[in-house]
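Just so we're aligned, residue 1 is where the sequence shown starts under UniProt numbering, counting upward by one.
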Amino acid sequence: MLSGKKFAPLPWLLGIAGLIPFVGLAAVIVLSVPGWQAVAFKAFLYYSAVILSFLGGVHWGVAMSLDHEGSHHFSSRMVVAMAPSLLAWPALMLSPRFALLALMTGFLLIRLYEAQADSVERLPSWYTSLRTLLTVVVVITHLSVLALLTLT
């Protein structure tokens, strides 16, 4: 673990602020606001893809901080860093249901990767609890929108 600090106010504030588009757009979609549902759905998918790609950037930064470019940790971290973008972009070309499922799966997979011991020791201590909360909310918003698509 890079820092013994359990709470870092600015990352938490920014992380929670980053949930506003997920929650707000999901609410517009689920509440079927006339004239806005289709636009909100596209915005939700695009924002989801951008944020998933951003999470890959976190691991790119961690990989760059490793001293041994030829090490297994460096190589695997670089692959993981690219995976979210390589999943998110094509997901935008899928049908609405599959796009939501692919993006949601991406968030879950990156969180599972971050929970591994090697990742935990290379990330600040506050990161794990923050990312867990953010992932739970992101997955709930995806499931809410997916439920609406399934029911209609």
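Think of the CB as a built atom: it goes at the ideal place given N, C-alpha and C, for glycine as much as any other residue.
Beta carbon of residue i nearer than 7 Å to that of residue j
i    : j    : result
T141 : F22  : yes
P90  : I110 : no
V30  : W36  : no
L92  : A38  : no
Exposed unless 16 or more other CB atoms sit within 10 angstroms - verdict on residue i
i    : result
V145 : buried
A114 : This sequence places Glu at residue 114; Ala is not what is there. Buried, since its Cβ has 16 or more Cβ neighbours within 10 Å.
L25  : buried
F41  : buried
F107 : buried
R97  : exposed
A147 : exposed
V80  : buried
H59  : buried
A99  : buried
V138 : buried
Nonlocal neighbours in the same chain, by C-beta distance under 8 Å from residue i, ignoring five residues either side
i    : result
L133 : G15
Same chain, Cβ closer than 7 Å to residue i, neighbours up to 5 away in sequence not counted
i   : result
M82 : G56
Rounded distance between the beta-carbons of residue j and residue i, thought under 8 Å
i           : j    : result
L87         : L52  : 7 Å
F63         : F74  : Checking the sequence, you will find Ala at residue 63 rather than Phe. The Cβ separation is near 6 Å, so the contact holds.
P11         : L130 : 6 Å
residue 158 : T128 : Coverage of the chain is limited to positions 1 through 152, which leaves residue 158 absent and any answer about it impossible.
Is there contact between the segment 33-49 and the segment 93-106, where contact requires at least three CB pairs shorter than 8 Å? Enough Cβ pairs lie closer than 8 Å, so yes.
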